[in-house]
Structure formats: C-alpha cells, structure tokens
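Just so we're aligned, residue 4 is where the sequence shown starts under this note's numbering, counting upward by one.
Have a look at the structure below, then the notes.
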Amino acid sequence: MQNTRQRILDYLDNNYQSTALELSHVFQMTPANVRHHLNVLEEDHKIEVVGRSDADGRGRPNLIYMPIKQSKEQGLVNLSTALISTITDHRSKKQKEVQLRKLATQLGAKESNENQSITLRLGTAVQRLNELGYKSHWEAHSDSPRIFLGNCPYPELAENNTELCEMDTYLIEDLVENNVKMIDKCSRNPGDSHHCIFKVIS
C-alpha cells in the first residue's frame, strides 16, 4: 500500500497534477482504488484538491490533485508574476529600468564598498549572490573580469518574465558598483551554456 501511494506521489511530483481517472489509467487500477490512496495522501497532508475537471460517465466530479509543496510554490509564482507586472506594465523603458533597479537594490541589500578594489568588490558580490541562491563565481580575463551565475533562483518566474534577467544585470551592477553586460545566457538545451555570464565593463 505504501509503495503504491509513493508511486502516485512521485507521479504527481513529476507531472504537476492529475485526477483519479488519469491515475487509474497510468497505474492500471480501478478509479475507486486510486481514490482510496488519494484520500490517504490528502489526510497525510501530502496532496490537496486544487480544482475539478469534467465529470465522468457516472456524474462523479473528477477532482484535480497536486502535491501541497508544488501548490504553494505555484501560489508564490502567481503572486510574484502579478507583482512584476505591477511594476513594469504600461511603463516606458526608462520607467521600467528605474523600477527594476529599485528591486535589485532591495534584493542586494548591501553596504557601499566603493573604496574597495575591484577584486574585493567582486568577492563581496559573489558572496551576496550565493546567499541569494545564484551559485555564482567570478573569473579574471585578459580584458575584463567575468561573473558566472550557475543557477536561477526563480526559474518558473524567469521563463515568462524576461525582466528578471535585466534585474540580475542591475543587481550585479549594484553589488560590484560597476557597469556590467550579459554576454551569455544559460540554457537547458544540450551543448548550450549552463551559466549566465556577465562582463564587467571598465
């Protein structure tokens, strides 16, 4: 029984959401049997009902189930998307930049280090970026240093809100106290870069 429920939970984790009818086809079980396992998972606070789809032939509503963690994460994505739209929609390019720079400054939350060397500023910037989940490091190059971001802390948001890539640029500029330019963007496609790379402009 436990193994069956774990398989159902794994399926929901990988497929975001499903119904008892769909799960019965996947696991070759009766819908009634699947509903029993779903009820147990719901009582254990591992899944929750997030909607209804069209009723089956007997008129029983098809409840849509989702892992509770994913449901909460989706709620945060929806809220964050709405907040981003609030500060960027119906604004000129300059106005949008001002708003995104304010957001970057709030996120960076740093003290001024303008009297430090560029090396120390880069080290401090990388430390803060890693605190924010960017998995960052910097490298020296013949023309100018590079900052590498190995992780996006908000991939679901960035996928549909390209303004966040602009905000990352402003965030790094604020931390380094120097102009920077994105010269490569990470991609999940095989063979493409797995880092967002920013060049410090002298």
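All C-beta atoms in this analysis are idealised placements derived from N, C-alpha and C, irrespective of residue type, glycine included.
In the structure shown, D92 falls within a coil segment according to DSSP collapsed to helix, strand and coil. Just so you know, the alpha carbons of S21 and N6 end up roughly 18 Å apart. Beta bridge pairing from DSSP links E169 with no other residue.
In this chain, the beta strand (DSSP E) harbouring P70 covers 65-70. The C-beta distance from L103 to E169 rounds to 5 Å, short enough to fall under 8 Å. Here I175 has A128, I150, V183, F201 as same chain residues with Cβ atoms under 7 Å from its own Cβ, once five neighbours each way along the sequence are excluded. Taken atom to atom, the span from the alpha-carbon of L125 to that of W141 is near 7 Å. Taken through DSSP and simplified to helix, strand or coil, L125 comes out as helix.
Measuring C-alpha to C-alpha distances from Y173 to each of K105, G153, L123, K113 identifies K105 as the nearest.
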